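2 protein chains.
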Amino acid sequence: MAKIVVVEDEKDLQDLLTYNLEQAGHTVVAADRGAEGVRLVREQRPDVVLLDLMLPDISGTEVCRTIKNDPSCRRTAVVMLTARGEEVDRVVGFELGADDYVVKPFSVRELLLRVQAILRRSHPAEPGSDELIEFGVLKVDRQAHRVWVSGEEIELTALEFRLLMTLYERKNRVQTRSALLDDVWGIQADITTRTVDTHVKRLREKLLGARNYVETVRGVGYRFCGSPDEAVA
Amino acid sequence: MAKIVVVEDEKDLQDLLTYNLEQAGHTVVAADRGAEGVRLVREQRPDVVLLDLMLPDISGTEVCRTIKNDPSCRRTAVVMLTARGEEVDRVVGFELGADDYVVKPFSVRELLLRVQAILRRSHPAEPGSDELIEFGVLKVDRQAHRVWVSGEEIELTALEFRLLMTLYERKNRVQTRSALLDDVWGIQADITTRTVDTHVKRLREKLLGARNYVETVRGVGYRFCGSPDEAVA
DNA sequence: TCCGCGCTGTCACCTGCCTGTCACACGACC
DNA sequence: GGTCGTGTGACAGGCAGGTGACAGCGCGGA
Numbered sequence: 424m425a426k427i428v429v430v431e432d433e434k435d436l437q438d439l440l441t442y443n444l445e446q447a448g449h450t451v452v453a454a455d456r457g458a459e460g461v462r463l464v465r466e467q468r469p470d471v472v473l474l475d476l477m478l479p480d481i482s483g484t485e486v487c488r489t490i491k492n493d494p495s496c497r498r499t500a501v502v503m504l505t506a507r508g509e510e511v512d513r514v515v516g517f518e519l520g521a522d523d524y525v526v527k528p529f530s531v532r533e534l535l536l537r538v539q540a541i542l543r544r545s546h547p548a549e550p551g552s553d554e555l556i557e558f559g560v561l562k563v564d565r566q567a568h569r570v571w572v573s574g575e576e577i578e579l580t581a582l583e584f585r586l587l588m589t590l591y592e593r594k595n596r597v598q599t600r601s602a603l604l605d606d607v608w609g610i611q612a613d614i615t616t617r618t619v620d621t622h623v624k625r626l627r628e629k630l631l632g633a634r635n636y637v638e639t640v641r642g643v644g645y646r647f648c649g650s651p652d653e654a655v656a
Numbered sequence: 424m425a426k427i428v429v430v431e432d433e434k435d436l437q438d439l440l441t442y443n444l445e446q447a448g449h450t451v452v453a454a455d456r457g458a459e460g461v462r463l464v465r466e467q468r469p470d471v472v473l474l475d476l477m478l479p480d481i482s483g484t485e486v487c488r489t490i491k492n493d494p495s496c497r498r499t500a501v502v503m504l505t506a507r508g509e510e511v512d513r514v515v516g517f518e519l520g521a522d523d524y525v526v527k528p529f530s531v532r533e534l535l536l537r538v539q540a541i542l543r544r545s546h547p548a549e550p551g552s553d554e555l556i557e558f559g560v561l562k563v564d565r566q567a568h569r570v571w572v573s574g575e576e577i578e579l580t581a582l583e584f585r586l587l588m589t590l591y592e593r594k595n596r597v598q599t600r601s602a603l604l605d606d607v608w609g610i611q612a613d614i615t616t617r618t619v620d621t622h623v624k625r626l627r628e629k630l631l632g633a634r635n636y637v638e639t640v641r642g643v644g645y646r647f648c649g650s651p652d653e654a655v656a
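Listed in order, the protein sequences are those of chains A and B. Residue numbers for the first sequence follow this note's numbering, beginning at 424 and rising by one. Residue numbers for the second sequence follow this note's numbering, beginning at 424 and rising by one.
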């Protein structure tokens, strides 16, 4: 289906990823080191790079920056593999331009889902999967991880951004708190469901005029409204 | 909620899993041996199998392969329980078609989350439960949790929504109050049966023009009428 | 090295709505 | 007409969700 480069020094994990991605029908090339990773990416022009943040030689952030600054690799999406509490915000944000991240330890299932999601988005053939989203007063540039409300840019954390995108992708479908925990935080997250509430609150605060797009369905969960007009109420 | 088969020879762990899964509302059947596990799976057709990798007779991988190759068990998801360091076996686990795995020692909480996630993801595949329902003047979007009557959206509480869906799914069949208590309120309904009446009343109030779809069968219970026309009276 | 800052998870408090229960009214069936 | 079953309105308690505050953590700057 897609060509993927895995840059990961831990051999077991590299094998696990390679095997399962191939099993899912992708072509995989793996590298142990950052430098080798960069070389492979330039040579192979993959659709996706899975990039460990901690590498023996060059740091993953450096690799990411290099890739993203290389015009010939513009088509390549970068997914960072990070340990909990690592600098996710800078990595995924505007600064480095990674397209998504997964927090270790992750389940293979989760990673595959994320890779699928990225591939789906970057396939321009498919309609409705634009990287540039316009929804009422809300505007989102997924690649740059930037968000505007009524033309005014707002700053979201990596987590808030992912929460917003997860809700948006399932527009007009209720998401239970535990479904959101899975898809936003990852399965291993040892978190109270009330944490979701808090982050929804923070997200709404920042969304200002677009805050009503995120609707509460009492006793069930949250829902991104189906069309901008419905939300005015 | 779901039916689960646990295949685990270590008695303590088996008990622990059984207890916690039942506590979470699932039905659990446990086996000590691989062969017994296969038999149980074929017999019970569970939603999920928790499968230890190290079993006294047949290995877990073998059990997994057998299950996954049996067409009648296609609907069953397999979660492998593996000991730490069996990296190779992780791979093998996925090779065999296991849907997920957990590394021992794992927290019960984590396992429950995984089981939930698997159930959630495999559920929508269920046929026959249309997501968009149109029935006379009544329209229901199950995924969005929204209801319209004659084009006008009405607001139902989570409970009322469940009640309506339960009645609708058993269209044209009388539901006793206690059956409704089971299905809408959950098994341990510690409630007066008259509570059902109250909620039917509230539901009818909100249903406006569709209120006659919910019929009273005196001395028995309630019934959702078979076709929209019957209800005009 | 220390301090401050931003992000995040948790908690406690509060409010409003949902919900279970009751008592009474009403209607059907005998 | 009597009785049983159901409809209905009122009410109190509880719970779900919004919200503000706080602590831990990692990072960056001094």
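C-beta atoms are modelled at their ideal positions from N, C-alpha and C, and glycine is treated no differently. Keep in mind it's a predicted model, so treat the numbers as computed, not measured.
Collapsed DSSP secondary structure at residue i in the structure displayed
| i | result |
| --- | --- |
| Ile-541 (chain A) | helix |
| Glu-575 (chain B) | strand |
| Ala-454 (chain B) | strand |
| Thr-441 (chain B) | helix |
| Gln-446 (chain A) | helix |
| Arg-641 (chain A) | coil |
| Met-477 (chain A) | coil |
| Leu-519 (chain A) | coil |
| Ala-548 (chain B) | Because the pLDDT of Ala-548 (chain B) is 43, which lies under 50, any placement of that residue in the model is unreliable, and the number read from its coordinates should be weighed accordingly. Ala-548 (chain B): helix per DSSP, three-state reduction. |
| Arg-433 (chain A) | Checking the sequence, you will find Glu at residue 433 (chain A) rather than Arg. Glu-433 (chain A) falls in the coil class under three-state DSSP. |
| Ser-495 (chain A) | helix |
| Asp-613 (chain A) | coil |
| Leu-535 (chain B) | helix |
Beta strand (DSSP E) segment containing residue i, residue limits
| i | result |
| --- | --- |
| Arg-646 (chain A) | 644-647 |
| Asp-564 (chain B) | 561-564 |
| Glu-557 (chain A) | 555-558 |
| Val-607 (chain B) | Run containing Val-607 (chain B): none; DSSP gives neither H nor E here. |
| Val-619 (chain A) | Taken as a continuous stretch (DSSP letters only), Val-619 (chain A) belongs to no beta strand (DSSP E), being part of the alpha helix (DSSP H) at 617-630. |
| Ile-427 (chain B) | 426-430 |
Cβ distance (whole Å) where residue i is taken to contact residue j below 8 Å
| i | j | result |
| --- | --- | --- |
| Tyr-442 (chain A) | Leu-561 (chain A) | Not really, about 40 Å apart at Cβ, beyond 8 Å. |
| His-622 (chain B) | Leu-590 (chain B) | Incorrect: roughly 11 Å between the Cβ atoms, too far for contact. |
| Leu-473 (chain B) | Gly-483 (chain B) | About 10 Å separates the two Cβ atoms, so there is no contact after all. |
| Arg-600 (chain A) | Val-619 (chain A) | 5 Å |
| Arg-497 (chain A) | Asp-480 (chain A) | Not a contact, Cβ separation roughly 25 Å. |
| Thr-505 (chain B) | Tyr-524 (chain B) | 6 Å |
| Arg-641 (chain A) | Thr-580 (chain B) | 7 Å |
| His-597 (chain A) | Val-643 (chain A) | The residue asked about is misnamed: residue 597 (chain A) is Val in this sequence, not His. Indeed they touch by this definition, with Cβ atoms about 5 Å apart. |
Paired residues, beta bridge with residue i - DSSP
| i | result |
| --- | --- |
| Ala-500 (chain A) | A:Val-471 |
| Tyr-636 (chain B) | Tyr-636 (chain B) is not bridged to any residue. |
| Thr-505 (chain B) | B:Val-526 |
| Arg-462 (chain A) | None; Arg-462 (chain A) has no bridge partner. |
| Val-570 (chain A) | A:Val-563, A:Ile-577 |
Residue range of the unbroken alpha helix (DSSP H) whose run includes residue i
| i | result |
| --- | --- |
| Ile-490 (chain A) | 483-492 |
| Lys-594 (chain B) | Counting along the chain, Lys-594 (chain B) falls outside any alpha helix (DSSP H), and DSSP gives it neither H nor E. |
| Ser-601 (chain B) | 600-603 |
Closer than 7 Å: residue i CB and nearest the ligand MN heavy atom
| i | result |
| --- | --- |
| Leu-504 (chain A) | No copy of the ligand MN appears in this structure; indeed no ligand is present at all. |
So, does the region 561-578 of chain A touch the region 602-618 of chain A, judging by three or more C-beta pairs under 8 Å? no
Contact the region 617-631 of chain A vs the region 430-437 of chain B: 3+ CB pairs below 8 Å: no
Whether or not the region 425-432 of chain A and the region 466-486 of chain A are in contact is what I'm after, with contact meaning three or more pairs of Cβ atoms, one per stretch, closer than 8 Å; do they touch? yes
Touch check for the region 518-527 of chain A and the region 441-460 of chain A: three-plus C-beta pairs under 8 Å? no
Using 8 Å as the Cβ pair cut-off and three pairs as the minimum, do the region 483-495 of chain A and the region 530-547 of chain A touch? no
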